[in-house]
Amino acid sequence: MTLKTLALSTLALAAALIGGDARAAGPAPAAAPSASAGITTRGWTATQGGRGGRIIKVTTLAAAGPGSLAEAIAATGPRIVVFEVGGVIDMAGQPLKITQPFLTLAGQTAPDPGVTILKAETTISTHDVVIQHLSFRPGEFGRPKKGGGDQDAISALGGARDVIVDHCSFSWATDENLSASGPRFDGKTPEEWRKATSHRITYSHNLIYEGLGNSVHEKGEHSKGSLIHDNTSQVLIYGNVYVSNRQRNALFKGGAQGAMVNNYIFNPGDRAVHYNLLDKEWVGQPWQNGRLTLVGNALRHGPSTVPGMAFFTMLGQGDLELHMTDNLAHDTQGRPVPLLGNGPTTTGKIIVAPKADLPPGLVVRSAADLARELPPLVGARPWARDPLDARVLADMSQGRGKLIDSEVENALGYPRHAPTRRPFNADAWNLDDMSPKAGWTALAKP
Numbered sequence: 001m002t003l004k005t006l007a008l009s010t011l012a013l014a015a016a017l018i019g020g021d022a023r024a025a026g027p028a029p030a031a032a033p034s035a036s037a038g039i040t041t042r043g044w045t046a047t048q049g050g051r052g053g054r055i056i057k058v059t060t061l062a063a064a065g066p067g068s069l070a071e072a073i074a075a076t077g078p079r080i081v082v083f084e085v086g087g088v089i090d091m092a093g094q095p096l097k098i099t100q101p102f103l104t105l106a107g108q109t110a111p112d113p114g115v116t117i118l119k120a121e122t123t124i125s126t127h128d129v130v131i132q133h134l135s136f137r138p139g140e141f142g143r144p145k146k147g148g149g150d151q152d153a154i155s156a157l158g159g160a161r162d163v164i165v166d167h168c169s170f171s172w173a174t175d176e177n178l179s180a181s182g183p184r185f186d187g188k189t190p191e192e193w194r195k196a197t198s199h200r201i202t203y204s205h206n207l208i209y210e211g212l213g214n215s216v217h218e219k220g221e222h223s224k225g226s227l228i229h230d231n232t233s234q235v236l237i238y239g240n241v242y243v244s245n246r247q248r249n250a251l252f253k254g255g256a257q258g259a260m261v262n263n264y265i266f267n268p269g270d271r272a273v274h275y276n277l278l279d280k281e282w283v284g285q286p287w288q289n290g291r292l293t294l295v296g297n298a299l300r301h302g303p304s305t306v307p308g309m310a311f312f313t314m315l316g317q318g319d320l321e322l323h324m325t326d327n328l329a330h331d332t333q334g335r336p337v338p339l340l341g342n343g344p345t346t347t348g349k350i351i352v353a354p355k356a357d358l359p360p361g362l363v364v365r366s367a368a369d370l371a372r373e374l375p376p377l378v379g380a381r382p383w384a385r386d387p388l389d390a391r392v393l394a395d396m397s398q399g400r401g402k403l404i405d406s407e408v409e410n411a412l413g414y415p416r417h418a419p420t421r422r423p424f425n426a427d428a429w430n431l432d433d434m435s436p437k438a439g440w441t442a443l444a445k446p
């Protein structure tokens with residue numbers, strides 16, 4: 001199979017697996033692309049992203065200034081951001097803040113080796129955003145242990161909605177690698193709370209690994225995968241691979257509503273998936289039941305996993321409406337481990353939900369197939385793997401892995417790719433979904 005064929009088949013298969021489709025839109029909101037451009041529905045998320053907007057080209061790996069990613073993100077109006085340069089964008093600790101809606105970041109358009117964003121937290125506090133095929137690696141970059149300044153790799157903040165983060169790679173965050181959060185109690189009713197925090201978020205086919213443990217976080221140990229914060233809703237975590245994050249693979253907090261479907265979790269430390277409403281954080285507010293659907297996921301213990309650790313752990317004081325179907329959990333020798341566990345101070349109760357709460361049309365695989373089928377699909381640019389991603393997937397296949405405290409513990413360290421360039425050719429791409437057209441070599445040459 002040629003590189004071009006692999007690229008086309010990988011993107012096409014991934015698009016099919018996520019259950020996304022293009023549907024005719026209703027009346028276009030203000031400043032949105034025209035209704036004829038359609039919308040993309042993935043999970044509970046319905047978004048146009050930047051579809052129908054102008055093309056903005058990233059032409060430099062500089063952290064800011066003309067032609068930079070930061071400048072493209074800060075632009076207003078519907079826009080599709082494409083890359084005429086590949087390599088490393090070193091933000092030197094400065095954040096990337098996505099505050100303007102109707103944005104598509106199409107990392108698949110970059111020449112090999114693609115684009116990696118270092119030493120930055122990327123936040124999304126707007127709506128209608130699609131991010132694909134980029135790598136995010138914050139790291140501690142020499143900062144003092146417990147010195148503060150912790151960073152998520154990507155976090156959807158309060159008010160974020162209709163966001164898709166798909167086929168990206170995340171490692172070395174000093175808070176969570178990939179999260180959804182916001183102000184948990186803005187408004188007078190629980191319905192208003194849910195509107196004020198992140199909702200209709202889809203995280204799909206990402207590779208999420210090696211959150212840093214004893215690093216810059218002021219609390220100390222903080223190797224975390226994903227936090228789905230209190231009162232977030234309609235959050236779908238679909239088809240991702242989590243590797244060597246100590247906890248939060250993922251954590252759904254009090255009153256959160258969402259689903260994890262077809263995720264593969266390898267070598268967590270002491271918790272894989274868990275739920276937790278902390279009463280001290282809900283003082284004066286009526287507790288809300290969480291709602292969580294776990295379908296077709298698989299856990300495999302690794303060298304850093306506490307023996308006997310369950311697939312799902314119930315923590316805290318609030319109750320949870322939980323549906324579980326076709327989930328698997330095995331230790332390092334392939335022996336079954338419990339699917340359910342409780343923390344030592346848990347008082348919250350599990351309310352068994354007989355029916356899965358899933359978005360319509362979602363394609364669900366068998367959990368038994370994930371170890372074989374997911375690794376070739378997940379992460380940024382699987383047709384041309386970043387060496388860091390290739391290494392962690394190879395280690396996972398051999399049952400190897402460890403929790404780390406700093407990016408310097410990874411033998412490869414921060415990537416130092418030489419810059420590459422290639423003009424963007426709009427004729428080579430389907431601009432509606434930023435997939436490559438058959439017959440073009442847009443992805444075949446660096």
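The numbering of the sequence shown is UniProt numbering, which starts it at 1 and goes up by one. Don't be surprised by glycine CBs; every beta carbon is placed ideally from N, CA and C. Given the structure is predicted, the values throughout are model-derived calculations rather than measurements.
(request) Would you kindly work out how many angstroms separate the C-alpha atoms of G239 and P423, rounded to a whole number? (result) Here residue 239 is taken as the residue at index 239 of the sequence shown, counted from 1. Here residue 423 is taken as the residue at index 423 of the sequence shown, counted from 1. Answer to the nearest angstrom: the Cα atoms are 32 Å apart.
(request) Mind listing, in chain order, the continuous beta strand (DSSP E) runs of no fewer than 3 residues lying wholly within the segment 107-187? (result) Entirely contained in the segment 107-187, the beta strand (DSSP E) runs reaching 3 residues are, in chain order, 115-118, 122-124, 127-132, 135-137, 154-156, 161-166, 169-171 and 178-180.
(request) Kindly list the residues whose CB is nearer than 6 Å to the CB of A110, restricted to its own chain and excluding five residues on each side of it in sequence; keep chain order. (result) Here residue 110 corresponds to residue number 110 of the sequence shown, with the count starting at 1. Correct list, in chain order: F83 and G86.
(request) With a threshold of 16 other CB atoms inside 10 Å of the CB of E140, please say whether the residue is buried or exposed. (result) Locating residue 140 in the sequence shown gives position 140, counting from the first residue. The residue in question, E140, is buried, as its Cβ has 16 or more Cβ neighbours within 10 Å.
(request) Give the DSSP bridge partners of A310, in chain order. (result) Position 310 of the sequence shown, counted from the first residue, corresponds to residue 310. Answer is none; A310 lacks a bridge partner.
(message) At the level of alpha carbons, what is the spacing between L251 and D427?
(response) Taking the sequence shown and counting its residues from 1, one reaches residue 251 at position 251. Taking the sequence shown and counting its residues from 1, one reaches residue 427 at position 427. In a straight line, the C-alpha of L251 is about 42 Å away from that of D427.
(message) Is it the case that the segment 247-261 contacts the segment 168-175, given that we only count it when at least three CB pairs across the two stretches are under 8 Å?
(response) Not touching, per the Cβ criterion.
(request) Could you work out which residue in G50, L358, V115 and H301 is closest to L328 when comparing CA atoms only? (result) Here residue 328 is taken as the residue at index 328 of the sequence shown, counted from 1. The shortest Cα separation from L328 among G50, L358, V115 and H301 belongs to H301.
(request) Please name the residue or residues paired with D90 in a DSSP beta bridge. (result) The sequence position of residue 90 within the sequence shown is 90, counting from 1. According to DSSP, D90 bridges with L118.
(message) What would DSSP say about E221, mapped onto helix, strand or coil?
(response) Along the sequence shown, read from residue 1 onward, the residue named residue 221 stands at position 221. Note: E221 maps to coil in three-state DSSP.
(request) Evaluate contact between the segment 273-286 and the segment 372-386, counting only Cβ atoms and requiring at least three cross-stretch pairs below 8 Å. (result) Result no; under three Cβ-Cβ pairs closer than 8 Å.
(request) Report the option in A298, P344, T313 and G290 whose CA atom is closest to the CA atom of D319. (result) On the sequence shown, position 319 is the one that residue 319 refers to. Of the residues A298, P344, T313 and G290, the one whose Cα lies closest to the Cα of D319 is G290.
(message) Please state whether the Cβ-Cβ distance between V352 and L322 is less than 8 Å.
(response) As a first step, residue 352 must be located in the sequence shown, where it is residue number 352. As a first step, residue 322 must be located in the sequence shown, where it is residue number 322. V352 is a Cβ neighbour of L322, given a cutoff of 8 Å.
(request) Find the nearest neighbour of K57 within the set W44, S204, Q48 and A72, judged by alpha-carbon distance. (result) Here residue 57 is taken as the residue at index 57 of the sequence shown, counted from 1. Answer by Cα proximity: A72.
(message) Within 8 Å, do at least three Cβ pairs link the segment 89-100 to the segment 112-126?
(response) At 8 Å Cβ cutoff, the stretches touch.
(message) Check whether the segment 35-55 and the segment 398-406 touch, using three or more Cβ-Cβ pairs below 8 Å as the test.
(response) Flag = no, the segment 35-55 and the segment 398-406 do not touch.
(request) Inspect the beta-carbon positions of I208 and L178 and report whether they are closer than 8 Å. (result) Residue 208 sits at position 208 when you count from the first residue of the sequence shown. Residue 178 sits at position 178 when you count from the first residue of the sequence shown. In this structure, L178 lies closer than 8 Å to I208 by Cβ.
(message) On the CB-based measure, 16 or more other CB atoms within 10 Å of its CB, does A438 come out buried or exposed?
(response) Looking up residue 438 in the sequence shown gives position 438. So A438 counts as exposed.
(message) Quick check: the Cα distance between A46 and R200, rounded to an integer number of angstroms?
(response) Within the sequence shown, residue 46 is the residue found at index 46, counting from 1. Within the sequence shown, residue 200 is the residue found at index 200, counting from 1. Taking the straight line from one Cα to the other gives about 8 Å.
(message) Can you find the residues in the same chain that come closer than 8 Å, C-beta to C-beta, to A63, ignoring five residues on each side of it along the sequence?
(response) To locate residue 63, count along the sequence shown from 1; it is residue 63. Taking C-beta separations shorter than 8 Å and ignoring five residues to either side along the sequence, the partners of A63 in its chain run A70, I89, D90, M91, A92 and Q94, following chain order.
(request) Could you spell out the range, first to last residue, of the beta strand (DSSP E) harbouring I404? (result) For the purposes of this step, residue 404 is taken as residue 404 along the sequence shown, with counting starting at 1. Where I404 is concerned, there is no enclosing beta strand (DSSP E), given that its DSSP letter is neither H nor E.
(request) State the DSSP-derived secondary structure class of W193, mapped to helix, strand or coil. (result) Here residue 193 is taken as the residue at index 193 of the sequence shown, counted from 1. Helix at W193.
(message) Could you compute how far the alpha carbon of L103 sits from the alpha carbon of Q257?
(response) For this step, residue 103 is matched to residue 103 along the sequence shown. For this step, residue 257 is matched to residue 257 along the sequence shown. The C-alpha of L103 lies about 25 Å from the C-alpha of Q257.
(message) By the DSSP assignment, the beta strand (DSSP E) with V378 in it spans what residues?
(response) Taking the first residue of the sequence shown as position 1, residue 378 is located at position 378. First-last for V378: undefined, no H or E at that position.
(message) Whole angstroms are fine: how far does the CA of V81 sit from the CA of P66?
(response) Here residue 66 refers to the residue found at position 66 when the sequence shown is read from its first residue. Here residue 81 refers to the residue found at position 81 when the sequence shown is read from its first residue. C-alpha separation (whole angstroms): 14 Å.
(message) In this structure, how does DSSP classify L207 when only helix, strand and coil are distinguished?
(response) As a working mapping, residue 207 is identified with position 207 in the sequence shown. Here L207 sits in strand by DSSP.
(message) DSSP three-state label for A411, please.
(response) Looking up residue 411 in the sequence shown gives position 411. Note: A411 maps to coil in three-state DSSP.
(message) From the DSSP secondary-structure annotation, give me the bridge partner or partners of L315.
(response) Along the sequence shown, read from residue 1 onward, the residue named residue 315 stands at position 315. According to DSSP, which records beta bridges pairwise, L315 is partnered with N276.
(request) Please classify A63: does DSSP put it in a helix, a strand, or coil? (result) Numbered from its first residue, the sequence shown carries residue 63 at position 63. The DSSP-derived three-state label of A63 is coil.
(request) State the DSSP-derived secondary structure class of L69, mapped to helix, strand or coil. (result) In the sequence shown, residue 69 corresponds to position 69, counting from 1. If DSSP states are grouped into helix, strand and coil, L69 belongs with the helices.
(request) Spatial neighbours of V273 within its chain, please: CB distance less than 7 Å, with the 5 preceding and 5 following residues excluded, ordered by chain position. (result) By 1-based counting over the sequence shown, the position of residue 273 is 273. In chain order, N249, A250, M260, L294, F311 and F312 place their CB closer than 7 Å to the CB of V273, counting only its own chain and leaving out the 5 sequence neighbours on each side.
(request) Report the three-state DSSP secondary structure of R416 (helix, strand or coil). (result) For this step, residue 416 is matched to residue 416 along the sequence shown. Here R416 sits in coil by DSSP.
(request) Compare the C-alpha of T305 against each of D389, N342, E373 and F266 and name the closest. (result) Here residue 305 refers to the residue found at position 305 when the sequence shown is read from its first residue. Minimum Cα distance to T305 is reached at F266.
(message) Once the 5 residues before and after P113 are set aside, which same chain residues still bring their CB inside 6 Å of it?
(response) Within the sequence shown, residue 113 is the residue found at index 113, counting from 1. The residues are G86 and H417.
(request) Taking all protein chains shown into account, decide if Q398 is buried (16 or more other Cβ within 10 angstroms of its Cβ) or exposed. (result) Position 398 of the sequence shown holds residue 398. Around the C-beta of Q398, fewer than 16 other C-beta atoms lie within 10 Å, and the residue is accordingly described as exposed.
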